[in-house]
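Taking my numbering, the leading residue of the sequence shown gets 2, the next gets one more, and so forth. C-beta atoms are modelled at their ideal positions from N, C-alpha and C, and glycine is treated no differently. This one's a predicted model, so the numbers in the text were calculated from it and none came from an experiment.
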Amino acid sequence: MAYCRPIPGSKNGLVAMRRLDIVIPVYNEAESLPSFHGCLRTVVASLEGYAVSYIYVNDGSTDETQTVLTSLTASDPAVTVLELSRNFGHQAALSAGLTHADADIVIMMDGDGQHPPALLPEILKLHDCGYDIVQTRRLDRGASLKRFTSRAFYRLINRLGGLSLPEGAADFRLISRTVLLALRDVREYHRFYRGLIPWLGFRTVLLPYEPAERLAGASKYSLRRMLRLASDGIFSFSLTPLRLGILTGGLFLCLAAAEALYVGFLWLSGQRGALVPGWSSLIVLSTVGFGAVMILLGFIGVYVGMIFQEVKRRPVYVVRSVIELGVSAEDPAAQSAAHGGAGTA
Ligand code: UDP
Ligand code: MG
2 MAYCRPIPGS
12 KNGLVAMRRL
22 DIVIPVYNEA
32 ESLPSFHGCL
42 RTVVASLEGY
52 AVSYIYVNDG
62 STDETQTVLT
72 SLTASDPAVT
82 VLELSRNFGH
92 QAALSAGLTH
102 ADADIVIMMD
112 GDGQHPPALL
122 PEILKLHDCG
132 YDIVQTRRLD
142 RGASLKRFTS
152 RAFYRLINRL
162 GGLSLPEGAA
172 DFRLISRTVL
182 LALRDVREYH
192 RFYRGLIPWL
202 GFRTVLLPYE
212 PAERLAGASK
222 YSLRRMLRLA
232 SDGIFSFSLT
242 PLRLGILTGG
252 LFLCLAAAEA
262 LYVGFLWLSG
272 QRGALVPGWS
282 SLIVLSTVGF
292 GAVMILLGFI
302 GVYVGMIFQE
312 VKRRPVYVVR
322 SVIELGVSAE
332 DPAAQSAAHG
342 GAGTA
């Protein structure tokens with residue numbers, strides 16, 4: 002927690018200011034940015050007790066985004082701009098912003114106006130109630146293809162990955178410094194923050210919101226990008242696909258057993274003539290062979306899964322706070338066990 006210079010009119014001349022970093026990844030948002038930043042500043046001006054910095058991450062925009070951001074830095078000293086060398090994608094841009102952020106509280110939100118800045122006071126109030134993570138949840142009204150695919154995706158990832166991600170969880174959330182530092186121990190390449198942040202644990206509250214219309218331009222999430230994000234989410238949280246071989250192999254062995262029973266029954270009941278010569282041996286051999294190969298593939302999948310967990314080097318556990326000699330410390334920098342390895346996938 003930082004203390005600002007004495008403020009005239011405050012009780013003892015000192016006001017505790019909490020540092021708040023707002024991380025905003027942007028890609029070709031030149032049209033939206035001026036009104037988005039204006040709106041954000043108006044809301045921030047109504048907050049008391051926060052020293053706010055805006056961290057815009059220009060994710061390799063090809064329009065005038067960088068020029069607009071540069072002019073924002075000229076008019077607002079609280080603005081920092083990180084320009085990435087090319088378009089790395091929304092999650093990577095968020096990652097860059099989070100690495101740069103160093104405040105007591107971090108809020109991440111989109112720069113197209115769909116994450117309403119007007120929600121900030123409520124988000125901060127919930128944090129003051131003791132929540133380390135304030136996760137917003139988009140309320141989708143009506144039926145649309147995006148809503149249907151999003152619902153199917155959340156069901157699938159929750160089932161396969163053992164997570165309980167709320168449907169409509171957006172990359173619009175507050176995290177405390179403790180969570181920010183814990184997140185830094187997650188070094189994996191494919192980052193899916195909607196899964197990673199709940200995976201970390203911590204006290205979390207959900208805040209539903211009505212999404213606003215885009216201020217300008219169109220969504221940068223094409224179907225291909227959405228599928229890539231979904232596959233990053235599913236494959237980095239679930240080893241189930243790797244184990245499918247064991248299941249398929251088991252099914253083939255069951256088939257082989259059923260076929261052996263059928264052939265045995267025909268032999269014992271004197272109906273051998275009903276069998277085409279050579280059919281039984283061929284079918285048994287191929288089903289048993291397939292079954293064995295599939296099971297071996299499944300075993301290899303299990304080992305590959307373990308290697309996958311090792312190379313991700315996710316922390317084995319995350320400490321929220323330590324109380325030693327009656328003193329509580331919430332900064333996990335010295336406590337987090339980033340030994341990598343065998344935690345859940
Ligand atoms: N974005 C980004 N890099 C990308 C795609 C998107 O930084 O490769 C930004 C984009 O400018 C916006 C946010 O991520 O601020 C969310 O993207 P978008 O609005 O296109 O997604 P949607 O709201 O349609 O899901
Ligand atoms: Mg958007």
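Assign residue i to one of three DSSP states: helix, strand, or coil.
i    : result
Q272 : coil
G326 : In the sequence on display, residue 326 carries Leu and not Gly. Looking at L326 - three-state DSSP - the assignment turns out to be coil, as it is neither helix nor strand.
V303 : helix
Y132 : coil
V180 : helix
Y4   : The pLDDT assigned to Y4 is 40, lower than 50, so where the model puts this residue is not dependable, and the model offers no usable value.
A52  : strand
Y190 : coil
F309 : helix
F89  : coil
R142 : coil
V289 : helix
V277 : coil
A104 : coil
T74  : helix
L164 : coil
H38  : helix
E123 : helix
A46  : helix
S33  : coil
P117 : coil
G202 : coil
G169 : coil
T63  : coil
I158 : helix
P9   : For P9, the pLDDT reaches just 44, beneath the cut-off of 50, and the residue's location in the model is therefore unreliable, leaving the point undetermined.
T345 : Residue confidence is low: T345 scores 46 on pLDDT, short of 50, so the model does not pin down where it sits. No coordinate-derived value is stated.
Report whether the distance from the Cβ of residue i to the nearest heavy atom of the ligand MG is below 7 angstroms.
i    : result
Q115 : yes
R139 : no
D172 : no
R215 : yes
D60  : no
S220 : yes
D111 : yes
Pull up the DSSP beta-bridge partners for residue i, would you.
i    : result
V58  : P26 and L83
A153 : DSSP output for A153 lists no bridge partner at all.
M109 : V24 and R174
T137 : L208
Less than 7 angstroms between the CB of residue i and some heavy atom of the ligand UDP, yes or no?
i    : result
E30  : yes
P118 : no
T27  : Rather than Thr, the amino acid found at residue 27 in this sequence is Val. The answer is yes for V27.
H191 : no
A75  : no
G250 : no
A97  : no
H128 : no
H101 : no
G90  : yes
A94  : yes
Compute the minimum distance between the beta carbon of residue i and the heavy atoms of the ligand GTP, and state whether it is under 7 angstroms.
i   : result
V69 : Absence of the ligand GTP from the depicted structure is noted, with the ligand UDP and the ligand MG being the only ligands included.
At what residue ranges does the segment 204-261 contain a whole run of the beta strand (DSSP E), taking only runs of 3 or more?
205-210
The segment 17-28 contacting the segment 106-124, beta-carbon criterion three pairs below 8 angstroms
yes
Counting pairs of beta carbons, one from the segment 41-56 and one from the segment 84-93, are three or more of them closer than 8 angstroms?
At 8 angstroms Cβ cutoff, the stretches do not touch.
Flag this pair as touching only if the segment 169-187 and the segment 85-104 have three or more C-beta atom pairs under 8 angstroms; answer yes or no.
yes
If you pair each beta-carbon of the segment 251-264 with each one of the segment 146-161, do three or more pairs fall below 8 angstroms?
no
Would you call the segment 307-314 in contact with the segment 168-184, where contact means no fewer than 3 C-beta pairs closer than 8 angstroms?
no
Does the segment 188-207 come into contact with the segment 319-330, if we say contact requires no fewer than three beta-carbon pairs (one atom in each stretch) closer than 8 angstroms?
With the rule of 3 Cβ pairs closer than 8 angstroms, the segment 188-207 counts as touching the segment 319-330.
Okay, do the segment 154-170 and the segment 235-242 touch, 3+ Cβ pairs below 8 angstroms being the bar?
Touching, yes, given that three or more Cβ pairs across the two stretches are closer than 8 angstroms.
Any contact between the segment 115-128 and the segment 62-73? By contact I mean 3 or more CB pairs, one from each, below 8 angstroms.
no
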